[in-house]
Amino acid sequence: MASRSEELFAQARELIPGGVNSPVRACHNVHSTPAFIARGKGSHLFDVDGREYVDFVLSWGPMILGHAQEDVTRAVVDAAARGTSYGAPCEDEVTLARKVIEALPSVEMVRMVNSGTEATMSALRLARGYTGRSKLVKFVGCYHGHADPFLAAAGSGVATFSIPGTPGVPDVVVADTLLAPYNDLEAVRELFAREGENIAAVIVEPVAANMGLVPPVPGFLEGLREVTASCGALLIFDEVITGFRLSYAGAQGRYGITPDLTTFGKIIGGGLPVGAFGGRADIMRHIAPEGEVYQAGTLSGNPLAMAAGLATLKLLEVCDYDALEARTAAFAHELESVLREKGVPIQVHTIASMFTPYFSSKPITCFADVQGCDQALFETFYRQMREQGIYLAPSAFETGMVSFAHTDEDFARALEAAKKVVF
Ligand SMILES: *Cc1c(COP(=O)(O)O)cnc(C)c1O
Numbered sequence: 002m003a004s005r006s007e008e009l010f011a012q013a014r015e016l017i018p019g020g021v022n023s024p025v026r027a028c029h030n031v032h033s034t035p036a037f038i039a040r041g042k043g044s045h046l047f048d049v050d051g052r053e054y055v056d057f058v059l060s061w062g063p064m065i066l067g068h069a070q071e072d073v074t075r076a077v078v079d080a081a082a083r084g085t086s087y088g089a090p091c092e093d094e095v096t097l098a099r100k101v102i103e104a105l106p107s108v109e110m111v112r113m114v115n116s117g118t119e120a121t122m123s124a125l126r127l128a129r130g131y132t133g134r135s136k137l138v139k140f141v142g143c144y145h146g147h148a149d150p151f152l153a154a155a156g157s158g159v160a161t162f163s164i165p166g167t168p169g170v171p172d173v174v175v176a177d178t179l180l181a182p183y184n185d186l187e188a189v190r191e192l193f194a195r196e197g198e199n200i201a202a203v204i205v206e207p208v209a210a211n212m213g214l215v216p217p218v219p220g221f222l223e224g225l226r227e228v229t230a231s232c233g234a235l236l237i238f239d240e241v242i243t244g245f246r247l248s249y250a251g252a253q254g255r256y257g258i259t260p261d262l263t264t265f266g267k268i269i270g271g272g273l274p275v276g277a278f279g280g281r282a283d284i285m286r287h288i289a290p291e292g293e294v295y296q297a298g299t300l301s302g303n304p305l306a307m308a309a310g311l312a313t314l315k316l317l318e319v320c321d322y323d324a325l326e327a328r329t330a331a332f333a334h335e336l337e338s339v340l341r342e343k344g345v346p347i348q349v350h351t352i353a354s355m356f357t358p359y360f361s362s363k364p365i366t367c368f369a370d371v372q373g374c375d376q377a378l379f380e381t382f383y384r385q386m387r388e389q390g391i392y393l394a395p396s397a398f399e400t401g402m403v404s405f406a407h408t409d410e411d412f413a414r415a416l417e418a419a420k421k422v423v424f
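In case it helps, our numbering puts the sequence shown at residues 2 to 424.
Next comes the structure, spelled out in structure tokens:
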């Protein structure tokens with residue numbers, strides 16, 4: 002008999018392309034169907050069939066405090082009672098902007114938008130408007146949302162579905178997107194030697210988290226900072242995942258690098274649709290209405306979304322990131338040894354509250370390495386973990402997420418489940 006999730010998915014496929022509103026959710030490439038979620042609490046999700054899961058997806062990153070965190074919920078409910086949108090400024094926009102600026106020294110001014118995609122596409126427009134140049138350097142396997150110029154060799158769903166670019170993006174739009182392998186500073190230097198005076202910006206995930214989890218090799222981010230500065234190009238850190246996760250000051254706080262512009266999403270909205278971009282004031286002042294680079298949004302700075310983001314950051318400010326990192330690392334290492342005992346090639350990457358099991362024994366520093374991993378082993382692992390109530394991202398190109406709400410018992414349950422996986 003079909004489960005309620007299967008019934009709903011069958012209906013959804015008649016009404017919504019692929020049955021989902023964002024591709025990876027379809028669980029297509031792991032030959033599964035999605036669980037429809039009824040509710041979440043802390044580190045747990047409950048589906049419409051009454052099954053409970055330990056959630057290591059966390060809405061793909063935002064829910065670092067866990068689901069339905071009480072302070073965040075109260076802030077949203079209180080805000081909703083005062084009206085859900087004004088199309089005029091509200092006080093929380095100022096307060097949240099100040100919080101972001103206080104958290105990250107490189108951010109002197111910030112503009113709120115509604116998603117990570119909007120943040121990166123707006124930051125790119127600003128970089129082009131500010132420099133008067135058109136070219137962009139992006140790294141293969143990095144994902145910066147679904148705006149046209151970034152859909153060349155992207156990670157996340159684009160990688161999951163092996164979409165080389167995508168129909169609908171004219172060649173001319175990606176003609177200005179120059180590609181380099183992640184962690185390959187030499188390749189970037191060569192692009193700058195050839196095209197330097199035309200390059201507006203380099204955009205990078207300072208820790209790549211959309212091709213699984215690939216940290217920067219020592220010197221990579223420093224090198225990007227140096228080469229962009231010396232050629233008059235801007236360095237954009239896409240911290241949509243890493244912002245408020247790698248540390249309260251993001252990846253830039255952790256690695257001590259000062260980008261010109263930074264993009265945010267996910268955590269900054271506490272589970273509501275928020276993105277933001279910010280950086281040097283002299284650059285940000287080029288945004289309309291102060292400057293000439295147009296950018297706008299009917300729901301930008303939405304009072305509910307600002308309230309959720311603000312409540313989230315207030316809590317995160319005093320959270321112990323080091324302790325969460327230590328617990329995540331301990332879990333990741335245990336997971337690695339459990340799987341290694343089964344004789345499969347495995348390495349578990351981990352940093353801060355993120356982890357990715359790669360079914361490969363070769364070192365992984367770029368997207369080509371990630372592609373060498375064994376997809377069939379991943380699928381077996383994913384399906385059997387899910388059957389046992391462990392909710393992982395349904396793709397080998399995504400990153401496992403841990404929240405401050407995860408308990409030792411959650412980790413123990415995941416490890417017990419991993420022990421029972423049969424490859
Ligand atoms: C998720 C993500 C985006 C896109 O954000 P959306 O809110 O999904 O539009 C951009 N950049 C990175 C690094 C991301 O992980």
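We put the CB at the ideal spot given by N, CA and C, even for glycine.
Residue 265 holds the alpha-carbon nearest to the alpha-carbon of residue 146 among 297, 305, 6, 265.
Relative to ligand 1, the beta carbon of residue 242 is positioned inside 8 Å of a heavy atom. In terms of Cβ geometry, residue 254 and residue 416 do not form a close pair [threshold 9 Å]. When distances are taken from the beta-carbon of residue 139 to the heavy atoms of ligand 1, even the shortest one reaches 8 Å or more. Cβ neighbours of residue 381 within its own chain (closer than 6 Å, five residues either side excluded): 424.
A distance below 9 Å separates the beta carbons of residue 310 and residue 269. In the pairwise beta carbon analysis, the segment 271-282 is classified as touching the segment 294-309: at least three pairs are separated by under 8 Å.
The shortest CA-to-CA distance from residue 192 to any of 222, 218, 232 is the one to 232. Contact between residue 304 and residue 116 does not hold, since the beta-carbon distance rounds to 17 Å and is not under 8 Å. Look at residue 106 here: in three-state DSSP terms it is coil, with no helix or strand label. Taking non-hydrogen atoms of ligand 1 into account, the C-beta of residue 144 is found less than 8 Å away from one of them. One Cα belongs to residue 28, the other to residue 64, and the distance between them is close to 20 Å. For residue 267, the shortest C-beta to heavy atom distance toward ligand 1 is below 8 Å. One alpha carbon belongs to residue 369, the other to residue 340, and they sit about 23 Å apart. Within the segment 339-408, complete alpha helix (DSSP H) segments of at least 4 residues are found at 368-372, 376-388, given in chain order. Each of 138, 390, 398 was checked against the Cα of residue 376, and the nearest Cα belongs to 398. For residue 9, the uninterrupted alpha helix (DSSP H) run begins and ends at 5-16, by DSSP.
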